[in-house]
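In what follows, a structure is listed as structure tokens, so that the remarks can point back to it.
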Amino acid sequence: MKLAIGGFDGVHFAHQKLIFLSDEILIIEKNSSLTPFETRCEYIKKPCHFYNLDDIKHLSYLEFINKIKKELNPTEIIIGYDFRFGKNRQGSINDLQKHFKVKVIEEIKIDNIGIHSKIIREFIKSGLIKKANKFLNHTYKIKAYQIKGQGIGKEKLLPTINFKLIYNYVIPKNGVYLTLINKIPSLTFIGIRSTDNQFSIESYLLKDFNHNKIYDIEFIDFLRENKKFNTIEELKKAIIIDKQNAIKYFRSYNDIK
Numbered sequence: 396m397k398l399a400i401g402g403f404d405g406v407h408f409a410h411q412k413l414i415f416l417s418d419e420i421l422i423i424e425k426n427s428s429l430t431p432f433e434t435r436c437e438y439i440k441k442p443c444h445f446y447n448l449d450d451i452k453h454l455s456y457l458e459f460i461n462k463i464k465k466e467l468n469p470t471e472i473i474i475g476y477d478f479r480f481g482k483n484r485q486g487s488i489n490d491l492q493k494h495f496k497v498k499v500i501e502e503i504k505i506d507n508i509g510i511h512s513k514i515i516r517e518f519i520k521s522g523l524i525k526k527a528n529k530f531l532n533h534t535y536k537i538k539a540y541q542i543k544g545q546g547i548g549k550e551k552l553l554p555t556i557n558f559k560l561i562y563n564y565v566i567p568k569n570g571v572y573l574t575l576i577n578k579i580p581s582l583t584f585i586g587i588r589s590t591d592n593q594f595s596i597e598s599y600l601l602k603d604f605n606h607n608k609i610y611d612i613e614f615i616d617f618l619r620e621n622k623k624f625n626t627i628e629e630l631k632k633a634i635i636i637d638k639q640n641a642i643k644y645f646r647s648y649n650d651i652k
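Start counting the sequence shown at 396; every next residue gets the next number (the working numbering).
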């Protein structure tokens, strides 16, 4: 059995190279924020095993190797070029090669930039969604519950869904984004609401939808910066323009009216 080992937060383009060559995946969970916990398995589509770093960080590199042998018994290990393991990261690729056949994937770059989860996190925090998605090789997605909002949108603006995140995701910078909510084209606002000065993530969907317990919010592109509006009427005009721009962007979705 060929076993790929790593953190795999984001399951980005470089991770996908390791996954493609493997039969099963060992995920070392450590404060993941792009694809927390089991959400990684949505992109991997192969048997996944999880070790929580807090449970294994005390192990020497030999103890870690013996744990893998006993519990997973791989015939080959597939890792990235910078992989370290064991207490204080003392274990090296050379140490692994004394016990397993090892395939090392060298650094992969896009636009001469190394593909790493930390780089993608910074893209997202900066609102560079298209660039983040390019490095991920899939859309950046977060999962959320619907929560009760102020009700102002339904009464005076456009009806929106208000969200609370399920996990501690990396949140894109404040602004208005083009998104897919459960694959439905939408606009998503992130930031401080002018109506009550509270942080909010809320979305307006461009077509009818069925309510769900959990929603997938996929970020497609950054539309504009947030603005402060003096009146509800000013805000409404801006939202109508945002809606028109979103419809143009999602023109390929021919069921949007």
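We put the beta carbon where it would ideally sit given N, CA and C, even for glycine.
Check                                                                                                                                                   : Outcome
Rounded to whole angstroms, what's the CA-CA distance from residue 537 to residue 530? Just pull it up for me.                                          : 17 Å
At which residue ranges does the region 454-519 contain complete alpha helix (DSSP H) runs of 4 or more residues, listed in the order of the chain?     : 456-466 and 488-492
My output table needs one value for residue 628: the three-state DSSP class, helix, strand or coil.                                                     : helix
Return the bridge partner residues of residue 447 from the DSSP annotation.                                                                             : 424
Between which two residues does the alpha helix (DSSP H) containing residue 528 stretch?                                                                : 524-531
Between the region 454-470 and the region 432-440, can you find at least three pairs of beta-carbon atoms closer than 8 Å?                              : no
In whole angstroms, give me the CA-to-CA distance for residue 634 and residue 579.                                                                      : 18 Å
For residue 472 and residue 445, which I take to be in contact (beta-carbon distance under 8 Å), what is that distance rounded to the nearest angstrom? : Rounded, the Cβ-Cβ distance is 17 Å, inconsistent with contact.
Using 8 Å as the threshold, is the region 594-609 in touch with the region 515-530, meaning 3 or more CB pairs across them?                             : no
Where do the N-terminal and C-terminal ends of the alpha helix (DSSP H) with residue 416 fall, by residue?                                              : 408-416
Taking C-alpha atoms, which residue in 407, 598, 560 and 575 lies nearest to residue 609?                                                               : 560
Would you report the Cα separation of residue 625 and residue 588, rounded to the nearest angstrom?                                                     : 12 Å
Where does residue 583 sit, in a helix, a strand or coil, going by DSSP?                                                                                : strand
If you reduce the DSSP assignment to three classes, tell me which class residue 635 lands in.                                                           : helix
Taking its Cβ as the centre, do 16 or more other Cβ atoms sit within 10 Å of residue 402, making it buried, or is it exposed?                           : buried
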